[in-house]
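This report refers to the structure that appears directly beneath it.
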Amino acid sequence: MQIYLPIAEISVNIFLILGLGGGVGFLSGLFGVGGGFLITPLLIFYGIPPAVSVATAANQIVASSVSGVFAHWRRGNVDLKMGLVLLVGGIVGSTVGVWVFAWLRSLGQIDLVISLCYVIFLGIIGGMMLFEASRAIFRTRRKGGGIRRRKKHQHSYIHGLPFKMRFYRSGLYISALLPLVIGFFVGMLTALMGVGGGFVMVPAMIYLLGMPTGVVIGTSLFQIIFVTANVTFLQSIQTQTVDVALATLLLIGGVIGAQFGARFGSRLKAEHLRALLGLLVLSVCLKLLFDLVIEPSELYSIMPGNL
Numbered sequence: 337m338q339i340y341l342p343i344a345e346i347s348v349n350i351f352l353i354l355g356l357g358g359g360v361g362f363l364s365g366l367f368g369v370g371g372g373f374l375i376t377p378l379l380i381f382y383g384i385p386p387a388v389s390v391a392t393a394a395n396q397i398v399a400s401s402v403s404g405v406f407a408h409w410r411r412g413n414v415d416l417k418m419g420l421v422l423l424v425g426g427i428v429g430s431t432v433g434v435w436v437f438a439w440l441r442s443l444g445q446i447d448l449v450i451s452l453c454y455v456i457f458l459g460i461i462g463g464m465m466l467f468e469a470s471r472a473i474f475r476t477r478r479k480g481g482g483i484r485r486r487k488k489h490q491h492s493y494i495h496g497l498p499f500k501m502r503f504y505r506s507g508l509y510i511s512a513l514l515p516l517v518i519g520f521f522v523g524m525l526t527a528l529m530g531v532g533g534g535f536v537m538v539p540a541m542i543y544l545l546g547m548p549t550g551v552v553i554g555t556s557l558f559q560i561i562f563v564t565a566n567v568t569f570l571q572s573i574q575t576q577t578v579d580v581a582l583a584t585l586l587l588i589g590g591v592i593g594a595q596f597g598a599r600f601g602s603r604l605k606a607e608h609l610r611a612l613l614g615l616l617v618l619s620v621c622l623k624l625l626f627d628l629v630i631e632p633s634e635l636y637s638i639m640p641g642n643l
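Here the sequence shown stands for residues 337 to 643, where the numbers follow my numbering.
This is the structure in structure tokens:
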């Protein structure tokens, strides 16, 4: 059964898109990630234009993050003050990112920039995850599960920055400049890559800000909701690249798939999950890199111009 996507300007199989959303939703529930960094490359592989893939993926992340925030809010795992500071940086960063996105699109370079960003970030993140998971598995086998915990947070020159604020829920007294910069950077990534940025923000909040792990995910999701909503709104106005029909199909499949993924994930060990996710991320990275370096079957193509 085919459906025409008015913004992407191609016809797609409804069940294939539902299956794609369900597969990413399953992985999201399995690994505890938003899935934005997976859904965008997969849409590109299927033939959806990269600009539409990025804007549509950001739209889908809003809905999935809302349900997550409610769950963490009920448990008291959201640092509202920290979330608002991150949000200020994220709104500015995402607004600048959409402007850069539109500028690159007008130059005809947005497809290349999106692919390069994914190759770089997925390669780094996937490699680090696989390395850390391999070390954890090796230690578990060698010491019978006795894994030593390293300090999650050490004081450095960063904590001597001005404009300090006290964040009671996280138990921190640090400069507001650091979360502002982190929020700005993640906002830029959201606009350019169509990701929530959790795979960058969560480690930064733990190791740079020194936040307790229990409040990191909920606070990150709180910020992601408004930043991705801002990106979706600006993309729909400035670049007209948000395909609602595509986002709806992906969302339906994602909601169903996430339920099965969460149940299956509870049966696997944490280090095994990290290793599997690292391999998956590196596989996507290599496929994007392969598409960048091989000679295309058609050296020239006609793309619709901006009206």
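Just so it is clear, CB atoms sit at the ideal spot from N, CA and C, and this is done for glycine as well. Computed from a prediction, not measured in an experiment: that's the story for all the values here.
Within 7 Å, strictly: CB atoms of residue i and residue j
{"i": "I561", "j": "V388", "result": "no"}
{"i": "P515", "j": "V421", "result": "yes"}
{"i": "G614", "j": "G462", "result": "yes"}
{"i": "A394", "j": "T564", "result": "yes"}
{"i": "L341", "j": "V360", "result": "no"}
Inter-residue spacing [alpha-carbon to alpha-carbon] between residue i and residue j
{"i": "G546", "j": "P539", "result": "10 Å"}
{"i": "S572", "j": "T476", "result": "49 Å"}
{"i": "G519", "j": "V567", "result": "14 Å"}
{"i": "T584", "j": "E345", "result": "16 Å"}
{"i": "V424", "j": "R478", "result": "46 Å"}
{"i": "R441", "j": "G412", "result": "42 Å"}
{"i": "L557", "j": "M537", "result": "10 Å"}
{"i": "I343", "j": "F381", "result": "17 Å"}
{"i": "M501", "j": "L508", "result": "8 Å"}
{"i": "L356", "j": "F406", "result": "26 Å"}
{"i": "G481", "j": "M464", "result": "Confidence at G481 is low in this model, with a pLDDT of 48, below 50, so its placement is unreliable and the value that follows should be read with caution. Roughly 21 Å between the two C-alpha positions."}
{"i": "V419", "j": "F569", "result": "It should be noted that the sequence gives Gly, not Val, for residue 419. In a straight line, the C-alpha of G419 is about 20 Å away from that of F569."}
{"i": "S506", "j": "V428", "result": "24 Å"}
{"i": "Q559", "j": "V580", "result": "23 Å"}
{"i": "V522", "j": "M541", "result": "12 Å"}
{"i": "V617", "j": "V531", "result": "14 Å"}
{"i": "F457", "j": "S511", "result": "27 Å"}
{"i": "G426", "j": "V517", "result": "8 Å"}
Residue i in three-state terms, based on DSSP
{"i": "N413", "result": "coil"}
{"i": "M545", "result": "Reading off the sequence, residue 545 comes out as Leu, not Met. Here L545 sits in coil by DSSP."}
{"i": "Q576", "result": "coil"}
{"i": "I630", "result": "coil"}
{"i": "R502", "result": "strand"}
{"i": "Q338", "result": "strand"}
{"i": "G375", "result": "At residue 375 the sequence reads Ile, which differs from the Gly that was named. I375: helix per DSSP, three-state reduction."}
{"i": "I510", "result": "strand"}
{"i": "I384", "result": "coil"}
{"i": "I473", "result": "helix"}
{"i": "V536", "result": "helix"}
{"i": "C343", "result": "Cys is not the amino acid found at residue 343; the sequence shown has Ile there. Residue state, collapsed to three classes: coil."}
{"i": "V390", "result": "helix"}
{"i": "G481", "result": "Since pLDDT at G481 reaches only 48, below the 50 mark, its modelled position is unreliable, and the value read off the structure follows with that caveat. G481 falls in the coil class under three-state DSSP."}
{"i": "V531", "result": "coil"}
Contacting residues, own chain, Cβ-Cβ under 8 Å from residue i (five flanking each side not counted)
{"i": "G358", "result": "G589, G590, I592 and G593"}
{"i": "V436", "result": "M524, A527 and L528"}
{"i": "T575", "result": "A387, A391, V434, F437, A438 and R441"}
{"i": "K487", "result": "Residue confidence is low: K487 scores 48 on pLDDT, short of 50, so the model does not pin down where it sits. No coordinate-derived value is stated."}
{"i": "S347", "result": "Q338, I339, Y340 and L341"}
Nearest-angstrom Cβ-Cβ length linking residue i and residue j, presumed shorter than 8 Å
{"i": "P386", "j": "S451", "result": "7 Å"}
{"i": "L582", "j": "I353", "result": "7 Å"}
{"i": "V334", "j": "V414", "result": "Residue 334 cannot be examined here, being either before or after the span of the chain that is shown, 337 to 643."}
{"i": "F596", "j": "F362", "result": "6 Å"}
6 Å CB neighbourhood of residue i in its chain, flanking five on each side removed
{"i": "L379", "result": "S389"}
{"i": "G459", "result": "C621"}
{"i": "L628", "result": "S451"}
{"i": "I384", "result": "A344"}
Sequence-distant residues of the same chain with beta carbon closer than 7 Å to residue i, five excluded per side
{"i": "R484", "result": "Since pLDDT at R484 reaches only 46, below the 50 mark, its modelled position is unreliable, and the value read off the structure follows with that caveat. Nothing meets the Cβ criterion."}
{"i": "A611", "result": "L466, A469, S470 and I473"}
{"i": "W409", "result": "G554"}
{"i": "M337", "result": "N349, I350 and F351"}
{"i": "P377", "result": "Y454, V620 and L624"}
{"i": "T577", "result": "I343, A387, V388, A391 and Q571"}
{"i": "I302", "result": "The structure shown has nothing for residue 302, since the chain only spans 337 to 643."}
{"i": "D503", "result": "For the sequence presented, residue 503 should be read as Phe rather than Asp. Only D415, K417 and M418 meet the Cβ criterion."}
{"i": "V432", "result": "M524"}
{"i": "I630", "result": "none"}
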